[in-house]
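Start counting the sequence shown at 1; every next residue gets the next number (UniProt numbering).
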Amino acid sequence: MTKAKKFEFRPNDFVVYPAHGVGKIVSIEKQEVAGHELELFVISFEKDKMTLRVPTHKATEIGMRGLSSPDVVTRAMTTLKGKAKAKRAMWSRRAQEYEQKINSGDLIAIAEVVRDLHRTDDQREQSYSERQLYEAALERLTREVAAVSGDGEVQAAKQVDDVLMARAA
């Protein structure tokens, strides 16, 4: 008697891969790698024009997860409304911390990075590396908000921007 394997994810599901953000599972395929037959999730990241193959047995171990619930998105938006945490550590240390939060795939942590690095027009300029981290976090946040809400990325970006601007006012 064979047991059918039960996967947490199926083709056409949207998933969050920690280092790349929101992608869509295109298929599950078998492939021989180094003499071993592996079952792989084929994940497409449309925006980055990238396809990733992840062994099915390692998916949750590496942090791949389904989209956040609407409740988590609401908490992320609430996080954006909070006051930016002024950190006194050296920039290199803070940059590492921000990078880790972005690559964690945790929507709340990503929202914290967006909140902390957001600058309004009347605030000081951002350095190039600060801007890069901010844009990476903002893009990840926006893509997941769009995927959860079912609205487009433009609508999600407006929603995030409205929250950030309301906080600044």
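Yeah, the Cβ is synthetic: ideal placement off N, Cα and C, and Gly gets one too. Note that the structure is predicted; figures quoted are calculated from it, not measured.
The continuous beta strand (DSSP E) containing LYS24 extends over residues 21 to 33. By the Cβ rule, the segment 37 to 45 does not count as touching the segment 81 to 89, because fewer than three pairs are nearer than 8 Å. Taking the Cα positions, LYS30 is about 10 Å away from THR56. If you ignore the 5 residues before and after VAL145, its C-beta comes within less than 7 Å of the C-beta of VAL73, ALA156, GLN159 and VAL160, all in its own chain and listed in chain order.
Going by beta carbons, ARG65 and VAL16 fall inside the 8 Å limit.
Here SER68 is near VAL148, since their CB atoms are less than 8 Å apart. Your pair GLU153 and ARG143 checks out as a contact, with CB atoms roughly 6 Å apart and the cut at 8 Å.
By the Cβ-count criterion, ILE110 is buried, with 16 or more other Cβ atoms from all chains shown falling within 10 Å of its own Cβ.
For secondary structure counted as the beta strand (DSSP E) over 3 or more consecutive residues, the UniProt domain "CarD-like/TRCF RNAP-interacting" (8 to 118) holds these complete runs in sequence order: 14 to 17, 21 to 33, 36 to 45 and 50 to 55. Measuring C-alpha to C-alpha distances from ARG93 to each of GLU130, PRO11 and ALA59 identifies GLU130 as the nearest. Shown here, ARG143 sits in a helix according to DSSP, grouped into three states. Within the same chain, Cβ atoms closer than 6 Å to the Cβ of LYS24 are found at PHE14 and SER44, the five residues on either side in sequence being excluded.
Its chain contains LEU40 and VAL42 as the residues whose beta carbon lies nearer than 6 Å to that of ARG53, once the 5 sequence neighbours on both sides are disregarded; these appear in chain order. Its chain contains LYS81 as the residues whose beta carbon lies nearer than 6 Å to that of ARG167, once the 5 sequence neighbours on both sides are disregarded; these appear in chain order.
For a cut-off of 8 Å, the C-beta gap from GLU8 to ALA59 is around 7 Å, short enough to register as a contact. One thing to note: HIS118 has its Cβ within 8 Å of the Cβ of TYR134. Shown here, GLU125 sits in coil according to DSSP, grouped into three states, outside any helix or strand.
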